[in-house]
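Per the numbering used here, residue 117 is the first one in the sequence shown, and the count goes up by one each step.
Have a look at the structure below, then the notes.
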Amino acid sequence: MSERAAGSGANADGGGTHATGPPARVRWARLGYAVLASAFVACVVVQVFFAGLGVFVATENWAWHVNFVHFFEWLPPLMLLAAFLGRLPRGLKWPPAGMFVLIALQYATANLNRGVVAALHPVVALLIFLAAVVVARRAWRALSGADAAREGASSGPASIRRPERPT
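Shown next as structure tokens:
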């Protein structure tokens, strides 16, 4: 009798699952989401650094700030796709769409050369950073929670558990 006929091994759809966890493609999508979220945080930090280079070092460096966004502006839509493929909860599915809207707002504020609306550009950058950090933390927490559930532990593997605070 084959493994598939016996009910073990890979799913008929090639997902490769165990009785205690989601298919491999779902687990990979969740991991991809967490990695993309972390990469987005790092890119936002680099983007702010490039702005600082342009303002405080030499105006020629401003081109780095202007062009770098094109490298990472598509990470939130990829995160949204990974969220649906990974069957993540609503609280992780929709924030990437919000971050993409904030990036669009950044373009709007950057193209206004003066006025109060243009002054919102760094404020929106702070909102993007805050959202990115919150989403990345939630993504890794959800991933470690999924791993803990698959292993049958309620509080996660020992390597992920927070140390107890001394009293």
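Even glycine gets a Cβ: it sits at the ideal position worked out from N, Cα and C.
On the three-state DSSP scale, how would you describe residue 121?
-> Residue placement at residue 121 cannot be trusted, given a pLDDT of 45 that sits under 50; what the coordinates show is reported in the next sentence. The answer is helix: DSSP assigns residue 121 an H, G or I state.
How long is the line joining the alpha carbons of residue 255 and residue 211, rounded to whole angstroms?
-> 11 Å
What are the start and end residues of the alpha helix (DSSP H) that includes residue 225?
-> 211 to 226
Of the choices 235, 215 and 205, whose alpha-carbon is the least far from that of residue 257?
-> 205
Straight-line Cα distance separating residue 232 from residue 165 | 23 Å
Own chain residues within Cβ distance below 6 Å of residue 154, not counting five before or after = 252
Are three or more beta carbon pairs between the stretch 181 to 201 and the stretch 157 to 172 nearer than 8 Å?
-> yes
Of all the options 139, 147, 175 and 160, which has the alpha carbon lying nearest to the alpha carbon of residue 240?
-> 160
Please determine, among 228, 234, 259 and 223, the residue with the shortest C-alpha to C-alpha distance to residue 185.
-> 223
What's the gap between the Cα of residue 230 and the Cα of residue 139?
-> 52 Å
Within the stretch 130 to 196, note down every full alpha helix (DSSP H) run reaching 4 residues or more, in order along the chain.
-> 140 to 168 and 178 to 188
Determine the DSSP secondary structure at residue 272, reduced to helix, strand or coil.
-> In this prediction, residue 272 has a pLDDT of 40, which is less than 50 and means its spatial position is unreliable; what the coordinates show is noted afterwards. Residue 272: coil per DSSP, three-state reduction.
Alpha carbon to alpha carbon, how far is residue 234 from residue 136?
-> 52 Å
In angstroms, rounded to a whole number, what distance separates the CA positions of residue 261 and residue 243?
-> 27 Å
Taking just the CA atoms, how far does residue 221 sit from residue 245?
-> 14 Å
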